[in-house]
Amino acid sequence: MSGTTDTWEDQRDVLIIDSAVATSDWAQGPRSTKRTLFIGGQFAPGSKPRVGGQPFLIYDPPPAELVRPGDPAPRAAHNKTKILEVYDNGLLLEERVGKGDTPWTEVPMASGPGTPPFTTDVRARIIEWATRMVGSLPTIPEDPAYDILLGAPPRGTITHPNGAVSPAQAMIDSLVSIKSSYLAVQGPPGAGKTHNAAEVIATLAGGRGWKIGVVAQSHATIENLLHAVVAAGLPADMVGKKSRPGDTRDLPWTELATGPDTADFVSQVGGRVVGGTVWSFSSTKAFGWKDLDLLVIDEAGQFSLANTIAASTVAKRVLLLGDPQQLPQVSPGTHPEPVNESALGWLSRGHDVLPRELGIFLDKSWRMHEAVCRTVSELSYEGQLTSRPSDRHLDGVEPGVHAVPVEHRDNSIESSEEAAAVVGLVRDLSSQIWTSQGRSGPLSGWDKSIIVVAPYNAQVNLILRKLEEAGFGHIPVGTVDKFQGQEAPIAILSMSASSAEEVPRGLDFLLMRNRINVALSRAQWAAYVVYSPELTDFLPKTPHNLALLSSFIGVVEPGHRSDRG
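So my numbering is basically just the index in the sequence shown, starting at one, shifted up by 18.
As structure tokens, then:
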């Protein structure tokens, strides 16, 4: 990595090390000499370090053993590493040198992303798809990836949910009607995307004998949906997935060790559901051309078009599940535009809500109170998202999104004034009585009753310290990436920067609608936005920044939105 470290700190999977301690000295093993290191610091938003990962360790200046003759670079890096434990404040990892090489005493100053996985199979699948498309000219064969790239409506009839047809049944009816094409389903926060998808998969595999694949950007997302499929009633012996390296959990499905194992599993009589990453579905040892009746792409708002093309080659139909209005964490890569964009983002471009002719919008949130949902709906869903009633109630607290203006100046990535305001909110709210699912008690007695979100790691750390000092060290605090998919009665968002002039990385990051949407929509009852009033007191120079400002004002000053937006 080149450049100054202040250009690194917000890059995914980069850790600027605050402290590094060798927890064991170098020791000679059978094949290498190794030591264990604890490296402390905060990862950039969106980082997802995992046990078993092999990050690069960056040295500045480098140990003599890492200096390459003739290379004038002031830094050196290597990835002879393995993550042993992941903590909120850093990593415990193993560092190795080759057998017979001389170890060093220096410690690294940063860690960076590991080597990207090999894409040979993925590239081969994309080439195969393109070759078949070109070979069929002048006729274009019916194909789900082609329809997605074209942005054309699915080949079939889309059934939309209504009073008589549930979302799951609408998805089932649509998929049965669709031939050699796709169905897109946009599921906003709390709209039951996973629950409905699991019911669809269980019904089609168990009742109709469909062979179904489940793919996503992460193993955790895949496994979350597979757990829901088993919970929906599909026998565990009809569900399979290859285990992750080092995973010793007792999982409720068939373990598939190799590509041939997967092929044998899918070829058995009756319906089958198999989960895997894009590399699993690109393997010719596991899947042939159009072996499956359906491929489900979960979190398709984060799954690139390139990977969609590759994985779609194994299935007759594709179901895209996700929400482009949440964080667009497309896998990093070198794909050219537009195939680096997410599949759902590409289909819904120019629309906050998926057009009816392209798929289904799940328009009811089971999570948010109507007052919270109204703000989120206006911010990100063209006013079309509504809320289902529940028995939840927080005594003494008005439901909805509340603006908490805090005067401060000259702050960019951390604000002690906002941190103090957050502590005050937590103190005031913790004693209030929360009622949910027939149970009542002080909010402090509920698991994850309040979550606090900040855009920058510096503010996250400051708020953590202030909460610990006040006796609220159990309150989770993090960047918005940490909380996607989670919920709590109360969500607090600290904006940190004093004004537009102090915002690092530009307004695109701080006022990004997707980030604010995710932060606010964690709340079941109320969300609080702690911010400097000067953050809204500037004249945007571009239409894009004007739209960002207008959206933010719609959240914190809803009565003035039409006047200033």
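The beta-carbon is built from N, C-alpha and C at its ideal position, and this holds for glycine as well.
Taking 8 angstroms as the cut-off, decide whether the C-beta atoms of residue i and residue j are in contact.
i      : j      : result
PRO162 : ARG385 : no
SER300 : ARG143 : yes
MET256 : ALA202 : no
LEU529 : LEU567 : yes
THR133 : LEU102 : no
GLY319 : LEU362 : yes
SER514 : GLU435 : no
ILE35  : ALA128 : yes
ILE176 : LEU365 : no
PRO551 : GLU425 : yes
LYS334 : GLY293 : no
PRO139 : TRP307 : In the sequence under discussion, the amino acid at residue 139 is Asp, which differs from the Pro named in the question. For ASP139 and TRP307, no; Cβs fall outside 8 angstroms.
ARG531 : SER395 : no
VAL574 : ALA389 : no
PRO73  : VAL104 : no
VAL314 : LEU337 : yes
GLU109 : LYS229 : Per the sequence shown, the amino acid found at residue 109 is Leu instead of Glu. No, they are not a contact pair.
GLN477 : SER433 : yes
Based on the DSSP secondary-structure assignment, which residues constitute the bridge partners of residue i?
i      : result
ARG53  : GLU113
TYR200 : VAL336
GLN46  : THR51
TYR549 : PRO423
VAL101 : A quick correction: the sequence has Ile, not Val, at residue 101. Answer is LEU111, bridged to ILE101.
GLU375 : Answer is none; GLU375 lacks a bridge partner.
TYR77  : ALA94
ARG596 : Since the displayed the chain opens at 19 and closes at 583, residue 596 lies outside it and no answer follows.
GLU273 : LYS259
Cα separation between residue i and residue j?
i      : j      : result
SER199 : GLY231 : 15 angstroms
LYS211 : ALA246 : 11 angstroms
HIS353 : THR326 : Residue confidence is low: HIS353 scores 47 on pLDDT, short of 50, so the model does not pin down where it sits. No coordinate-derived value is stated.
THR497 : PRO407 : 29 angstroms
SER349 : LYS500 : Confidence in SER349 is poor, its pLDDT being 47 and thus under 50, which makes the residue's placement unreliable; the coordinate value appears in the next sentence. Distance between the alpha carbons of SER349 and LYS500: 17 angstroms.
PHE56  : GLY503 : 29 angstroms
ALA170 : ILE196 : 13 angstroms
LEU75  : GLY130 : 6 angstroms
PRO507 : CYS391 : 13 angstroms
SER569 : GLY116 : 55 angstroms
VAL39  : ALA324 : 41 angstroms
GLY414 : GLN450 : 7 angstroms
PRO121 : VAL547 : 50 angstroms
GLY289 : TYR164 : 26 angstroms
GLY47  : PRO126 : 22 angstroms
ALA509 : ALA537 : 7 angstroms
VAL278 : ALA304 : With the sequence shown as reference, residue 278 is identified as Pro, and Val is not the correct amino acid for it. Distance between the alpha carbons of PRO278 and ALA304: 6 angstroms.
VAL470 : SER516 : 19 angstroms
ALA234 : ARG427 : 43 angstroms
ARG226 : LEU252 : 12 angstroms
GLU146 : HIS562 : 39 angstroms
GLY59  : TYR77  : 16 angstroms
SER192 : SER37  : 55 angstroms
LEU33  : ALA62  : 7 angstroms
GLY174 : GLN344 : 28 angstroms
PHE556 : ILE431 : 19 angstroms
GLU217 : ALA249 : 9 angstroms
GLY583 : LEU564 : Its pLDDT being 35, under 50, GLY583 is placed unreliably by the model, and nothing is read from it.
Quick one: is residue i buried, meaning 16 or more other Cβ sit within 10 Å of its Cβ, or exposed?
i      : result
ASN214 : buried
GLY351 : Per-residue confidence for GLY351 stands at a pLDDT of 45, beneath the threshold of 50, marking its modelled position as unreliable; the derived number appears in the next sentence. When all chains shown are included, GLY351 counts as exposed.
GLU317 : buried
SER458 : exposed
PRO604 : Since the displayed the chain opens at 19 and closes at 583, residue 604 lies outside it and no answer follows.
GLY181 : exposed
LEU168 : exposed
THR157 : exposed
GLN455 : exposed
ALA472 : buried
ARG374 : exposed
ILE571 : buried
GLY286 : The sequence given here has Gln at residue 286, not Gly. When all chains shown are included, GLN286 counts as exposed.
THR560 : exposed
ARG540 : buried
HIS387 : buried
VAL152 : exposed
GLY340 : buried
Check whether chain C comes within 8 angstroms of residue i, counting only Cβ atoms and requiring the distance to be less than that.
i      : result
PRO206 : Among the protein chains of the structure shown there is no chain C, as only one such chain exists.
Do three or more CB pairs link the stretch 443-452 to the stretch 487-495 at distances below 8 angstroms? Yes: at least three Cβ pairs fall under 8 angstroms.
Could you tell me whether the stretch 38-45 touches the stretch 76-83, using the rule of 3 or more Cβ pairs below 8 angstroms? Judged by pairs of C-beta atoms under 8 angstroms, the stretch 38-45 does not touch the stretch 76-83, as fewer than three such pairs exist.
Are the stretch 415-426 and the stretch 235-245 in contact at 8 angstroms, needing three or more beta carbon pairs? Contact fails: fewer than three Cβ-Cβ distances are below 8 angstroms.
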